[in-house]
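So the sequence shown is numbered by my numbering: it starts at 171 and just counts up by one.
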Amino acid sequence: MIDKSVREERPVMSEPQKIQPSSLADVAASKFEKHGSVSAATGSGLDARNIYAWFGKYLAVSDMSIYFAAGTVTALIGPSGCGKSTFLRTLNRMHEFIPGAAMSGEVFLHGKDIYAAGTDVTKIRLKIGMVFQKPNPFPSMSIGENVLAGIKLAQLKVPNKNELMQDCLERAGLWSEVKDRLNQPGGSLSGGQQQRLCIARSLAVNPDVLLMDEPCSALDPGSTLKIEETIGELAKSMAVIIVTHNMQQAARVSDYTAFLLSEGGPGKLIEFAPTREIFGRPKDIRTENYVTGRFG
């Protein structure tokens with residue numbers, strides 16, 4: 171039983187390039203000018219309110235509140251150890267898998283708190299999908315079976331599994347590369363392809379939100395580009411939240427950026443704003459110092 175107060179737990183480039191800090195604001199502004207305001211996006215977003223997260227007695231995240239709008243990409247940035255991944259895991263109750271972990275606060279999807287008593291946690295994790303830092307396809311399953319694994323787990327009925335499989339692989343930017351080898355093991359793909367396969371697997375259950383924890387950190391530049399292009403396409407129909415240590419990536423792919431910092435204590439939200447503002451005219455000097463490489 172979960173206690174109510176403390177709960178257990180896109181400018182287009184030929185390939186990603188290293189951008190100097192002075193031009194990050196131009197990249198973010200160019201993306202905004204190209205894609206425009208996202209305030210008219212349809213669908214609901216994810217609303218995190220007053221999130222605290224612990225590991226035992228250690229407070230890792232303190233009083234985090236962010237609204238993630240549908241149709242947008244939000245980047246979570248900050249130095250290692252500031253609570254980015256911990257906060258991300260609280261957004262679909264993955265934090266609960268860690269022994270001794272606990273949280274308090276509220277996370278609303280479609281107006282309902284996902285931590286409310288009686289909530290079907292499996293359904294929540296289907297609607298709020300997650301892609302991890304290291305690709306994790308099921309090794310005993312084929313490429314096609316991997317895509318449909320969530321459907322099978324949730325015992326969902328779909329009119330045409332083959333059409334769904336193709337649609338998800340196309341949205342993940344992988345169909346043209348695997349359409350002739352769907353029966354081969356998922357583990358036979360390259361690292362970048364495996365990551366896109368994991369994205370396709372998440373898409374099969376029709377999520378409203380996709381969480382991504384440093385999805386490109388172990389990938390080569392070409393694979394990173396494909397993942398970033400995929401993120402841009404996915405954000406047309408859902409909220410995407412990505413943890414990244416790469417400032418250039420944050421400037422390229424995100425509409426909004428949240429800067430977290432711990433300063434020797436729990437991670438806290440220092441600033442949240444449109445990405446063009448975070449990289450162009452941040453309000454907090456700590457944000458400016460971080461995005462310009464003065465620390466972190």
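Positions of the beta carbon are idealized from the N, C-alpha and C atoms, including for glycine.
For clarity, every value in this text was computed on a predicted model and none was experimentally measured.
Discussion item. If you measure between the beta carbons of Thr445 and Thr457, is that distance less than 7 Å?
Written reply: One-based indexing of the sequence shown puts residue 445 at position 275. One-based indexing of the sequence shown puts residue 457 at position 287. The beta carbons of Thr445 and Thr457 sit no closer together than 7 Å.
Worksheet item: Helix, strand or coil: how does DSSP classify Leu469 here?
Response: Not covered by the structure: residue 469. The range shown for the chain is 171 to 466.
Worksheet item: From what residue to what residue does the alpha helix (DSSP H) around Leu459 run?
Response: Within the sequence shown, the letter at position 289 stands for residue 459. The sequence given here places Asn at residue 459; Leu does not occur at that position. Unbroken alpha helix (DSSP H) run through Asn459: 455 to 461.
Practice prompt. Taking the CB atoms as reference points, tell me whether Cys338 and Ala374 lie closer together than 7 Å.
Written response: For the purposes of this step, residue 338 is taken as residue 168 along the sequence shown, with counting starting at 1. For the purposes of this step, residue 374 is taken as residue 204 along the sequence shown, with counting starting at 1. Yes, they are a contact pair.
Item to complete: Could I get the ranges of all uninterrupted beta strand (DSSP E) runs contained in the stretch 361 to 404, with 3 residues as the minimum, in chain order?
Response: Counting whole runs of 3 or more residues, the stretch 361 to 404 contains the beta strand (DSSP E) stretches 379 to 383.
Discussion item. Spatial neighbours of Tyr222 within its chain, please: C-beta separation below 7 Å, excluding the five flanking residues on both sides.
Written reply: For the purposes of this step, residue 222 is taken as residue 52 along the sequence shown, with counting starting at 1. Sequence-distant Cβ neighbours of Tyr222 in its own chain, meaning closer than 7 Å and more than five residues away, are Leu229, Val231, Ser232, Asp233, Met273, Ser274, Gly275.
Item to complete: Starting from Thr244, follow its DSSP beta bridges and name the residues at the other end.
Response: The count along the sequence shown starts at 1 and reaches residue 244 at position 74. According to DSSP, which records beta bridges pairwise, Thr244 is partnered with Ile411, Tyr426.
Worksheet item: Cα separation between Gln325 and Val301?
Response: Working through the sequence shown from its first residue, we reach residue 325 at position 155. Working through the sequence shown from its first residue, we reach residue 301 at position 131. Computed Cα separation, rounded: 21 Å.
Practice prompt. Leaving out five residues on either side along the sequence, give the residues of the same chain with a beta carbon under 7 Å from the beta carbon of Gly343.
Written response: As a first step, residue 343 is located in the sequence shown; it is residue number 173 there, counting from the start. Answer for Gly343: Arg366, Lys396, Glu399, Thr400, listed in chain order.
Discussion item. Cutting at 7 Å between CB atoms, please list the residues of its own chain near Leu258, excluding the five before and the five after it.
Written reply: For the purposes of this step, residue 258 is identified with residue 88 of the sequence shown, where counting begins at 1. If the five residues before and after Leu258 are omitted, its C-beta is found closer than 7 Å to the C-beta atoms of Leu246, Leu381, Asp383, Ile411, Val413, all from its own chain and listed in chain order.
Worksheet item: Touch check for the stretch 416 to 427 and the stretch 235 to 245: three-plus C-beta pairs under 8 Å?
Response: In short, these stretches touch, since the Cβ pair count reaches three.
Worksheet item: Roughly how many angstroms lie between the CA atoms of Phe449 and Leu323, to the nearest whole one?
Response: By one-based count along the sequence shown, residue 449 stands at place 279. By one-based count along the sequence shown, residue 323 stands at place 153. CA-to-CA, the gap between Phe449 and Leu323 works out to about 42 Å.
Item to complete: Express the C-alpha separation of Ala287 and Gln303 in angstroms, rounding to a whole number.
Response: Position 133 of the sequence shown holds residue 303. Position 117 of the sequence shown holds residue 287. Rounded to the nearest angstrom, the gap between the Cα atoms of Gln303 and Ala287 is 30 Å.
Worksheet item: Bridge partners of Arg263, per DSSP?
Response: Looking up residue 263 in the sequence shown gives position 93. The partner list for Arg263 (beta bridge, DSSP) is empty, contrary to what the question assumes.
Worksheet item: When you compare each of Ile298, Arg371, Pro391 to Lys307 by their alpha carbons, which one comes out closest?
Response: As a working mapping, residue 307 is identified with position 137 in the sequence shown. In the sequence on display, residue 307 carries Pro and not Lys. Of the candidates Ile298, Arg371, Pro391, Arg371 places its Cα closest to the Cα of Pro307.
Worksheet item: Which partner residues of Ile236 appear in the DSSP bridge assignment?
Response: As a first step, residue 236 must be located in the sequence shown, where it is residue number 66. DSSP, once it has assigned bridges, lists Ala218 as partnering Ile236.
Worksheet item: Taking the C-alpha atoms as reference points, what is the distance between Gly215 and Gln364?
Response: What you label residue 215 is simply residue 45 of the sequence shown in a count that begins at 1. What you label residue 364 is simply residue 194 of the sequence shown in a count that begins at 1. If I take the Cα positions, the gap works out to 27 Å.
Item to complete: Go ahead and label Gly435 buried or exposed: buried means 16 or more other beta carbons lie within 10 angstroms of its beta carbon, across all protein chains shown.
Response: Taking the sequence shown and counting its residues from 1, one reaches residue 435 at position 265. Around the beta-carbon of Gly435, fewer than 16 other beta-carbon atoms lie within 10 Å, marking it exposed.
Practice prompt. Name, in chain order, the residues that DSSP records as bridge partners for Trp345.
Written response: The residue given as residue 345 occupies position 175 in the sequence shown. Looking at the DSSP assignment, Trp345 forms no beta bridge with any residue, so it has no partner.
Worksheet entry | Same chain only: Cβ atoms within 6 Å of Gly206, ignoring 5 sequence neighbours per side | Residue 206 sits at position 36 when you count from the first residue of the sequence shown. Here Gly206 scores only 45 on pLDDT, less than 50, and its place in the model should not be relied on; the value that follows carries that caveat. Closer than 6 Å at Cβ, skipping near neighbours: no residue.
Worksheet item: If you draw a straight line from the alpha carbon of Phe225 to that of Trp345, how long is it in whole angstroms?
Response: Counting from one through the sequence shown, the residue named residue 225 turns up at place 55. Counting from one through the sequence shown, the residue named residue 345 turns up at place 175. If you take the alpha carbons of Phe225 and Trp345, they lie about 41 Å apart.
Worksheet item: To the nearest angstrom, how far is it from the Cα of His415 to the Cα of Pro249?
Response: For this step, residue 415 is matched to residue 245 along the sequence shown. For this step, residue 249 is matched to residue 79 along the sequence shown. Near 7 Å, if we compare the C-alpha coordinates of Pro249 and His415.
Discussion item. Let's see if you can read the secondary structure: which residues bound the alpha helix (DSSP H) around Phe449?
Written reply: Position 279 of the sequence shown, counted from the start, is the residue given in the question as residue 449. Run containing Phe449: 445 to 450, per the alpha helix (DSSP H) assignment.
Worksheet entry | Cβ-based neighbour list, Ile127, same chain, cut-off 6 Å, excluding 5 preceding and 5 following | This structure does not reach residue 127, given that the chain is present from 171 up to 466, and the question cannot be answered.
Worksheet entry | Best match in Met335, Ser393, Gln336, Glu315 for proximity to Glu356 [C-alpha to C-alpha] | Taking the first residue of the sequence shown as 1, we reach residue 356 at position 186. Here residue 356 turns out to be Gly, not Glu, going by the sequence shown. Residue nearest to Gly356 within the set Met335, Ser393, Gln336, Glu315 is Glu315 (criterion: CA-CA distance).
Worksheet item: In the structure shown, what three-state DSSP assignment does Phe308 receive?
Response: Position 138 of the sequence shown, counted from the first residue, corresponds to residue 308. In the structure shown, Phe308 sits in coil (DSSP, three-state: anything other than H, G, I, E or B).
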